[in-house]
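Peer 1: One structure, pasted below without further comment.
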Amino acid sequence: MVAATDPTLDAWRAQVAALGGRLVDLESDTTVTVARSGVLSGGSATAWAEADAGVAAAWEAFRTVDELLDRAVKDPGRARELLTTANLPAPPGQTAPVDATTAVRAAVAAAERAEDVTRRLAAAWGDFAARIRTSADAARSAGDAATARSADAVAALLASDPLAVTEADVAAVEASAAASAGRRRADQAAVGRFDVDMTRARSLLAGLTTDAETAATELAHAASRVVGVQATVPVADLPGLGAWLDRIADAAVGDRAAAAGALQGWLAAAEARRAELDAALAPARAGMRRRDDGRGLWSALRAKAGDRRLDEQPDVVAALDAARAELWKAPCDLATAEAALARLSAVLEHRPGGTE
Numbered sequence: 174m175v176a177a178t179d180p181t182l183d184a185w186r187a188q189v190a191a192l193g194g195r196l197v198d199l200e201s202d203t204t205v206t207v208a209r210s211g212v213l214s215g216g217s218a219t220a221w222a223e224a225d226a227g228v229a230a231a232w233e234a235f236r237t238v239d240e241l242l243d244r245a246v247k248d249p250g251r252a253r254e255l256l257t258t259a260n261l262p263a264p265p266g267q268t269a270p271v272d273a274t275t276a277v278r279a280a281v282a283a284a285e286r287a288e289d290v291t292r293r294l295a296a297a298w299g300d301f302a303a304r305i306r307t308s309a310d311a312a313r314s315a316g317d318a319a320t321a322r323s324a325d326a327v328a329a330l331l332a333s334d335p336l337a338v339t340e341a342d343v344a345a346v347e348a349s350a351a352a353s354a355g356r357r358r359a360d361q362a363a364v365g366r367f368d369v370d371m372t373r374a375r376s377l378l379a380g381l382t383t384d385a386e387t388a389a390t391e392l393a394h395a396a397s398r399v400v401g402v403q404a405t406v407p408v409a410d411l412p413g414l415g416a417w418l419d420r421i422a423d424a425a426v427g428d429r430a431a432a433a434g435a436l437q438g439w440l441a442a443a444e445a446r447r448a449e450l451d452a453a454l455a456p457a458r459a460g461m462r463r464r465d466d467g468r469g470l471w472s473a474l475r476a477k478a479g480d481r482r483l484d485e486q487p488d489v490v491a492a493l494d495a496a497r498a499e500l501w502k503a504p505c506d507l508a509t510a511e512a513a514l515a516r517l518s519a520v521l522e523h524r525p526g527g528t529e
């Protein structure tokens, strides 16, 4: 802005012309046309009314200052006085007359505020509305009536009070619609692979039945051989699981999609039973492996003692006998047996070899 104490008419003309260009751009914006049509309500209506009042005041300032510049050009001797005297109408929010500099600054600020509101309205009516329409279509295609209703509600709000809709509102509807679409794709895939999944289900049930029948024997055997192993077999209603699977197979004749969904639930339940059974068997099997590994190590250490001609030394014999007694005890205390193996290994490590 040219300083009020040293006005340059060409610079003033450029400033006023730039203001006029911004106002013309606003007037030609289709968003402004729609906003002025009376469709807005709520906070959006209030925000636009204030912005539009600012545009009207900016036009008035533009015309007044432009006329003042014409007078200054015709009467250069009074140019300074004309442009610095506070005799122009007060901008909105002020009461006292202002000079040309203040009037133009206020008009530019009003144009910027109107541009900001216009951009926000355009974004809501453009990007937000398009995203909501896409989400609504996706929700309806997925059969998600609740999300479709939410999308319609946001669309209605966008039409009348667009500035009330936030990015978070739109993103929430998009996320819900995307989840519904994902579930629909999963359901469609399940229908397509129903026969494959049914075969897997039959195999899983057969494996569960076999393992459940042998689990009691296996656990009882392990408990009699290793201290701390629990012989309790998890209760699994395998006959009920089998009947459920038969009902799903029968239902597939009439409604394959519903049966496919039910089969996914069955598979989840069966996998949970499989995990329960495996969790019960795992400690027993691990204990038996530790005992067998210990026996294998004892045999290796005994062979080592024989190779070094130490297997007749009293302390070596005692260590071998102590470790063997623990490892072949039923049930075997693994901690005690492994400690005995560690002592045997230490005895062999610190004893010099015998004669060849």
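Under the numbering used here, the first residue of the sequence shown carries the number 174, and numbering increases by one thereafter.
In this text, a Cβ means the ideal position worked out from N, Cα and C, and glycines have one as well.
If you're wondering where the values come from, they're calculated on a predicted model, not measured in any experiment.
For D317, does the count of other Cβ atoms within 10 angstroms reach 16, so buried, or fall short, so exposed?
Peer 2: So D317 counts as buried.
Peer 1: So what does DSSP say about V338, is it helix, strand or coil?
Peer 2: In the structure shown, V338 sits in coil (DSSP, three-state: anything other than H, G, I, E or B).
Peer 1: Taking the runs of the alpha helix (DSSP H) that are 4 residues or longer, which of them lie wholly in the stretch 252-301?
Peer 2: If we require 4 residues or more, the alpha helix (DSSP H) runs fully inside the stretch 252-301 come out as 252-257 and 273-296.
Peer 1: Note down, in chain order, each residue of its chain lying with its Cβ closer than 8 Å to the Cβ of R464, except the 5 sequence neighbours on either side.
Peer 2: Excluding positions up to five away in sequence, the list reads R398, V399, L500, C505, L507 and A510.
Peer 1: Quick one: grab the DSSP three-state call for S246.
Peer 2: It should be pointed out that residue 246 corresponds to Val in this sequence rather than to Ser. Three-state DSSP puts V246 in a helix.
Peer 1: Tell me, which residues are paired with V399 by DSSP?
Peer 2: According to DSSP, V399 bridges with C505.
Peer 1: Which whole-angstrom value is the C-beta distance of A478 and L521, which I expect to be below 8 Å?
Peer 2: Their Cβ separation, rounded to whole angstroms, is 6 Å, which keeps A478 and L521 in contact under 8 Å.
Peer 1: Where A432 and Q361 are concerned, what is the direct C-alpha to C-alpha distance, given to the nearest angstrom?
Peer 2: Each residue's Cα considered, the two are about 12 Å apart.
Peer 1: Taking the continuous alpha helix (DSSP H) assigned at S201, which residues delimit it?
Peer 2: S201 -> alpha helix (DSSP H) spans L182 to S201.
Peer 1: Classify V238: buried if its beta carbon has 16 or more other beta carbons within 10 angstroms, exposed otherwise.
Peer 2: Buried: at least 16 other Cβ atoms inside 10 Å.
Peer 1: Closest to G299 by C-alpha separation, out of H523, A222, L336 and R447, would be which residue?
Peer 2: The shortest C-alpha separation from G299 is found at L336.
Peer 1: What is the rounded straight-line gap between the Cα of A395 and the Cα of R313?
Peer 2: Going by the C-alpha atoms only, they are around 57 Å apart.
Peer 1: Once you ignore the five residues that flank D342 on each side, which residues in its own chain have a CB closer than 7 Å to its CB?
Peer 2: Once the five neighbours on either side are set aside, the close Cβ partners of D342 are V327.
Peer 1: Identify, in the order they occur along the chain, each residue of the same chain with its Cβ nearer than 7 Å to the Cβ of E386, setting aside the five sequence neighbours on each side.
Peer 2: There are no such residues.
Peer 1: If we count the other Cβ atoms within 10 Å of its Cβ and call it buried at 16 or more, is T275 buried or exposed?
Peer 2: Classification for T275: buried.
Peer 1: Could you tell me whether the stretch 373-387 touches the stretch 347-359, using the rule of 3 or more Cβ pairs below 8 Å?
Peer 2: In short, these stretches do not touch, since the Cβ pair count stays below three.
Peer 1: Examine the Cβ distances between the stretch 436-450 and the stretch 480-499 and report whether three or more of them are shorter than 8 Å.
Peer 2: Counting Cβ pairs under 8 Å, fewer than three are found: no touch.
Peer 1: Starting from D410 and walking both ways along the alpha helix (DSSP H), at which residues does that stretch end?
Peer 2: Neither: D410 is in no alpha helix (DSSP H) and is coded neither H nor E.
Peer 1: Report the option in A473, D488, L514 and D410 whose CA atom is closest to the CA atom of L450.
Peer 2: Closest option to L450, Cα to Cα, is D410.
Peer 1: Which whole-angstrom value describes the C-beta separation of M262 and P249, a residue pair presumed to lie in contact below a C-beta threshold of 8 Å?
Peer 2: The sequence given here places Pro at residue 262; Met does not occur at that position. The Cβ separation is near 25 Å, so there is no contact.
Peer 1: For G316, which of helix, strand or coil comes out of DSSP?
Peer 2: Three-state result, G316: coil.
Peer 1: What distance in whole Å lies between the Cβ atoms of R524 and L470, which are believed to be in contact at a cut-off of 8 Å?
Peer 2: Between R524 and L470 the Cβ distance is about 18 Å, and since that is not below 8 Å, they are no contact.
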